[in-house]
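Report on the structure given below.
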Amino acid sequence: MDYTFNAIEAKWRQLWQERNTYLVTEDPNKPKYYVLDMFPYPSGAGLHVGHPLGYIASDIYARYKRLQGFNVLHPMGYDSFGLPAEQYAIQTGQHPAITTKENIARYREQLDLMGFSFDWSREVRTSEPSYYKWTQWIFKQLFNAYYDSSANKAKNISKLIAQFEQEGNIYVTAIHDCEQQFDAATWKGFSAVQKEEILQQYRMAYLAESWVNWCPALGTVLANDEIVNGVSERGGHPVEQKRMMQWSMRIKAYSERLLEGLDRIDWSDALKEQQRNWIGKSKGASVHFEVKDSQLQIEVFTTRPDTIFGVSFMVLAPEHPFVGEICTDAQRSAVEAYQQQAALKTERDRQADVKNISGAFTGAYAVHPFTGHEIPIWIGDYVLASYGTGAVMAVPCGDQRDYDFAKHFGLPIPNIFADIDIDEAAYAEKDAIIANSDFLNGLDVKAASEKVIAAIENKGIGQGKTNYRLRDAVFSRQRYWGEPFPVYYQDGLPQLVDDEMLPITLPEVDAYLPTADGEPPLARASKEAWSCQLGERMEYNTMPGWAGSSWYFLRYMDPHNDAAFADPAKLAYWKQVDLYIGGSEHATGHLLYARFWTKVLFDLGYLEFDEPFAKLINQGMILGKSAIAYIGPDQKMYSLEMLPEQKEGFREVRILIDLLNDDDSIQLDALKAWQPQYANQEFVTNAAGKVIVKREVDKMSKRWYNVVTPDDLCQKFGADTLRMYEMFLGPLEQSKPWDTKGITGVHGFLKKYWRLFHLGGHFEVTDQEPRPEALKTLHKTIKKLTDDLDRFSFNTGVSSFMICVNELTDQKCNNRYILEQLTILMAPYAPHICEEIWSQLRPGTSSIFDASYPVFDARYLQEANFDYPVSFNGKMRFKVNLDLALSLAEVEQEVLSKPEAQKWLEGKTPKKVIVVHGKIVNIVL
RNA sequence: GCGGAUGUGGUGAAAUUGGUAGACACGCCAGACUUAGGAUCUGGUGCCGAGAGGUGUGCGGGUUCGAGUCCCUCCAUCCGCACCA
43 MDYTFNAIEA KWRQLWQERN TYLVTEDPNK PKYYVLDMFP YPSGAGLHVG
93 HPLGYIASDI YARYKRLQGF NVLHPMGYDS FGLPAEQYAI QTGQHPAITT
143 KENIARYREQ LDLMGFSFDW SREVRTSEPS YYKWTQWIFK QLFNAYYDSS
193 ANKAKNISKL IAQFEQEGNI YVTAIHDCEQ QFDAATWKGF SAVQKEEILQ
243 QYRMAYLAES WVNWCPALGT VLANDEIVNG VSERGGHPVE QKRMMQWSMR
293 IKAYSERLLE GLDRIDWSDA LKEQQRNWIG KSKGASVHFE VKDSQLQIEV
343 FTTRPDTIFG VSFMVLAPEH PFVGEICTDA QRSAVEAYQQ QAALKTERDR
393 QADVKNISGA FTGAYAVHPF TGHEIPIWIG DYVLASYGTG AVMAVPCGDQ
443 RDYDFAKHFG LPIPNIFADI DIDEAAYAEK DAIIANSDFL NGLDVKAASE
493 KVIAAIENKG IGQGKTNYRL RDAVFSRQRY WGEPFPVYYQ DGLPQLVDDE
543 MLPITLPEVD AYLPTADGEP PLARASKEAW SCQLGERMEY NTMPGWAGSS
593 WYFLRYMDPH NDAAFADPAK LAYWKQVDLY IGGSEHATGH LLYARFWTKV
643 LFDLGYLEFD EPFAKLINQG MILGKSAIAY IGPDQKMYSL EMLPEQKEGF
693 REVRILIDLL NDDDSIQLDA LKAWQPQYAN QEFVTNAAGK VIVKREVDKM
743 SKRWYNVVTP DDLCQKFGAD TLRMYEMFLG PLEQSKPWDT KGITGVHGFL
793 KKYWRLFHLG GHFEVTDQEP RPEALKTLHK TIKKLTDDLD RFSFNTGVSS
843 FMICVNELTD QKCNNRYILE QLTILMAPYA PHICEEIWSQ LRPGTSSIFD
893 ASYPVFDARY LQEANFDYPV SFNGKMRFKV NLDLALSLAE VEQEVLSKPE
943 AQKWLEGKTP KKVIVVHGKI VNIVL
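In structure tokens, the structure reads:
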């Protein structure tokens with residue numbers, strides 16, 4: 043009987059659906075386990091073999107936990123708002139909702155083919171009003187929250203308002219941008235507009251004018267994590283700095299908690315390090331320098347307060363607000379010229395131009411707080427306006443950038459390090475002893491820092507301070523296909539829409555483009571198009587892509603709830619995600635924002651946990667193997683062996699990998715039919731009359747013509763084969779090139795497994811007592827598989843099945859008990875074939891996934907003898923089979939008495955003999 | 001520059017606490033059955049060597065009876081950050 047995988051897989055996909063096999067509900071009698079995949083953005087291209095890699099791993103793990111008796115939540119959905127659908131809409135006029143729906147249908151079809159155990163009744167789509175209603179609701183909670191830094195948590199803004207009414211903001215400990223101080227009476231005297239302007243400076247979600255990354259090509263602002271190497275992540279368009287009124291999220295308030303939380307979660311070091319890097323904590327001091335002949339004080343942040351006596355000048359960012367004021371008339375034209383020059387440069391240019399030292403003297407002087415010396419104030423674009431205070435105290439002997447600046451402009455470089463030569467370069471190591479520094483002389487860095495911070499605090503000119511690189515996240519986008527804000531404007535001030543009016547649905551517009559006067563697309567909507575129209579106007583911005591994905595894992599717990607984002611009882615049952623699998627490209631975007639929102643919801647009392655993802659695994663990328671052909675100056679396509687030494691005048695072209703034979707030769711007729719430019723292509727073939735291409739590893743992508751889709755492979759080999767093969771390729775976290783050739787090995791294995799049940803040409807198993815050798819094989823496999831899954835080593839799991847089936851085949855084993863146990867073990871990897879076999883083994887039972895996972899019993903592996911490998915000086919020479927009951931001395935004696943031992947001893951007496959029981963014998967000569 | 005990860009056959013890889021390096025597959029070679037094979041089965045396959053044997057986990061050193069595994073130096077590749085004061 044043949045293994046008819048197509049029929050078997052189709053049958054079980056349908057039966058699982060009919061029987062609701064994967065439907066899951068809260069069950070207090072079972073321990074819960076939550077396995078989550080990063081939900082996909084449904085692009086038009088569909089899935090290639092790289093996409094399901096993580097889904098397969100999580101599916102195996104989810105099924106494994108289920109067989110172990112856990113109540114497993116394993117949902118899937120779509121991150122369906124986003125730029126590609128909108129860009130497509132702009133080009134074609136087709137509503138992005140339609141494109142999105144079509145793409146989702148295609149994704150679903152492909153996902154279904156792979157036989158995943160998702161509970162589809164829990165599907166979410168971030169672009170559905172029933173979902174984004176709650177994204178809007180969460181936004182409202184953020185708007186109505188502020189961060190109390192003494193309680194170290196977010197609180198409802200009403201508490202802050204109450205405090206303002208009691209005592210103003212003088213004693214308020216909150217994270218804010220408010221520079222104004224007021225007492226209760228002043229607060230009460232403020233108009234509603236003034237009050238709201240103040241409150242905006244405290245809210246967790248706030249409207250403020252700030253420097254943003256403006257991308258003209260996309261017509262929207264972008265968050266820092268959406269910019270890669272100075273250009274937009276999507277489309278690679280240039281980005282410029284622009285000051286704009288935008289919604290922001292006060293994520294900076296959570297810097298320390300986001301950092302601290304990393305110690306409590308099981309993520310890879312690489313990922314945690316990326317987040318730590320992004321948050322960028324640095325400890326030091328904030329110091330105020332007085333400006334000579336001025337009331338102004340320049341605040342600087344330094345990580346090396348111990349070097350304060352090495353300060354010989356100050357540098358401000360060209361955009362620093364004081365520059366105009368302190369600048370002397372004599373220097374004004376030079377300073378303004380420099381400011382202009384700096385403003386013209388894009389962020390990217392400034393970064394690329396590190397080697398080019400530039401700056402201008404303002405003519406003003408600051409006063410050194412300890413020496414009283416006058417120190418010149420310069421501006422230079424190596425100082426960033428957006429980091430720290432936008433000003434630095436320059437210590438040329440200890441900082442290379444300051445050193446280079448000083449050398450370039452002939453500024454003094456005082457040396458404050460004992461016995462350190464700074465003739466060639468600054469000394470930035472933190473192991474020096476401080477000298478020429480008054481009361482800091484002779485101290486090391488740590489002691490000097492502590493002492494000087496105390497002195498600074500004493501003088502009232504500063505304090506010890508921790509600085510973070512993390513910036514507040516811009517939360518509005520000038521685009522159409524995103525969540526509308528639950529916000530309208532009254533007297534020019536943002537007001538929240540009442541909960542009863544949610545969701546504010548996305549209004550229809552006549553075009554997905556900005557208006558003539560530059561307003562976002564939503565400004566095109568007519569009054570009637572809005573689900574509600576309040577105040578002077580609705581908010582025209584939409585939320586960024588990360589809004590919906592910051593909390594979707596919560597919605598899966600209760601996806602149809604219309605009264606809350608999720609029922610508290612359900613949230614309490616499912617809690618954190620136990621296992622999250624997804625790509626590492628979300629390290630500083632989605633994963634940081636999701637942690638942030640979780641912490642806010644935790645602080646506000648909606649959640650019982652403050653970290654969303656207890657364990658996270660980044661799956662590696664599956665790379666494609668492109669096919670590269672060479673076209674010579676004569677316009678002929680050359681086979682790889684026919685290329686001359688000098689490839690001058692030759693160009694490389696990538697051709698569709700579907701046009702290749704197994705030996706990397708091109709199917710010439712297919713190539714001619716593929717693209718018109720090859721219709722009359724001539725070739726320089728090799729001796730065998732073939733044109734061989736070069737294979738090169740690239741990202742798997744349509745543009746390299748190297749995409750392999752799961753659909754064809756499912757058709758040809760079956761989903762079970764594809765699932766196992768993807769796991770077999772190597773460790774989940776590692777990137778690896780796809781090679782379809784190897785799939786036959788896994789397919790052959792499944793056939794071999796199938797054959798165990800069909801030794802006599804039909805399905806047949808015996809009910810006899812299993813033989814010891816079969817029990818040994820089985821339990822060895824149980825142990826290996828359990829260990830492998832517990833450490834997420836899916837590739838070695840597949841190998842273990844192969845070894846097991848090979849051994850059982852050799853044993854001619856068709857014992858019911860053994861094969862049944864093996865089938866349960868394998869079911870998470872190859873659900874269709876195992877369910878089919880199970881239905882034959884146990885006709886009438888529900889599903890193999892209601893069985894219990896086999897339990898390892900060490901008894902079956904016990905052996906009386908062991909094949910001791912015998913080494914001489916660490917090199918294995920031969921083996922001796924000995925009784926494990928022998929003492930170490932007896933083993934030594936037995937081994938030395940063997941003729942092989944005599945040969946290797948060459949008549950010498952061993953210096954030492956090491957016997958490790960049940961492991962090894964090593965003889966030292 | 002800083003940080004992280006990874007270097008093992010022709011290829012994907014395994015070796016979980018220091019104990020037989022290369023399991024399991026692909027590919028390749030030889031053979032069997034076949035009209036045929038992208039089917040199935042058997043044997044072989046790190047490298048050098050006819051063999052005995054030697055040698056071998058990026059390079060060089062160290063610790064150890066014993067190192068792919070631990071320590072030090074260096075090299076290469078990939079990823080992230082990058083004037084962060």
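Add 42 to a position in the first sequence, counting from 1, and you land on the number used in the numbering used here. Glycine included, every Cβ here is placed at the ideal spot set by N, Cα and C.
Outcome for residue i when other beta-carbon atoms lying within 10 angstroms are tallied against a minimum of 16
| i | result |
| --- | --- |
| Phe891 | buried |
| Tyr213 | exposed |
| Thr887 | exposed |
| Asn964 | buried |
| Gly366 | exposed |
| Ile293 | buried |
| Ile140 | exposed |
| Val270 | exposed |
| Gly119 | buried |
| Lys953 | exposed |
| Glu581 | buried |
| Met287 | exposed |
Bounding residues of the alpha helix (DSSP H) (the contiguous stretch that carries residue i)
| i | result |
| --- | --- |
| Lys678 | Lys678 -> no alpha helix (DSSP H), and no H or E assigned at all. |
| Thr63 | Counting along the chain, Thr63 falls outside any alpha helix (DSSP H), and DSSP gives it neither H nor E. |
| Lys714 | 710-716 |
| Asn500 | 487-501 |
| Tyr859 | 858-868 |
Sequence-distant residues of its chain with Cβ nearer than 6 Å to residue i (five each side left out)
| i | result |
| --- | --- |
| Leu643 | Leu649 |
| Pro138 | Ala127, Glu128, Ala131, Trp523 |
Close beta carbons around residue i, own chain, < 8 Å, minus the five adjacent residues each side
| i | result |
| --- | --- |
| Gly631 | Ala265, Asp267, Glu268, Trp588 |
| Ala611 | Glu68 |
| Ala295 | Tyr189, Ser191, Ala196, Ile217, Met246 |
| Pro73 | Gly111, Phe112, Asn113 |
| Thr370 | Thr404, Gly405, Ala406 |
| Gln505 | Ala327, Ser328, Ile495, Ile498, Glu499 |
Identified DSSP bridge partners for residue i
| i | result |
| --- | --- |
| Lys826 | According to DSSP, Lys826 bridges with nothing at all. |
| Tyr407 | Pro418 |
| Tyr75 | Val114 |
| Trp256 | Val263, Glu282 |
| Gln339 | Glu332 |
| Asp308 | Lys657 |
| Tyr910 | Val922 |
8 Å contact criterion, which residue i and residue j should meet: CB distance rounded
| i | j | result |
| --- | --- | --- |
| Ile824 | Phe898 | 4 Å |
| Asp620 | Ala656 | 6 Å |
| Asp480 | Phe527 | About 56 Å; that fails the 8 Å criterion. |
| Ile203 | Asn186 | At roughly 10 Å, the Cβ-Cβ gap does not stay under 8 Å, so Ile203 and Asn186 are not in contact. |
| Met742 | Phe836 | Not confirmed; about 20 Å, so no contact. |
| Phe517 | Pro586 | 6 Å |
| Ala99 | Leu850 | Not really, about 26 Å apart at Cβ, beyond 8 Å. |
| Glu51 | Gly760 | 6 Å |
| Pro31 | Ile860 | A query on residue 31 cannot be resolved here, the shown segment of the chain reaching from 43 to 967 and no further. |
Contacting residues, own chain, Cβ-Cβ under 7 Å from residue i (five flanking each side not counted)
| i | result |
| --- | --- |
| Asp348 | Ile476, Leu482, Val487, Ala490, Ser491, Val494 |
| Thr808 | Asn856, Asn857, Arg858 |
| Arg55 | Asp154, Gly157 |
| Ala927 | none |
| Leu548 | Pro526 |
Extent of the continuous beta strand (DSSP E) run through residue i
| i | result |
| --- | --- |
| Lys325 | 323-333 |
| Asp740 | 736-741 |
| Arg693 | 693-697 |
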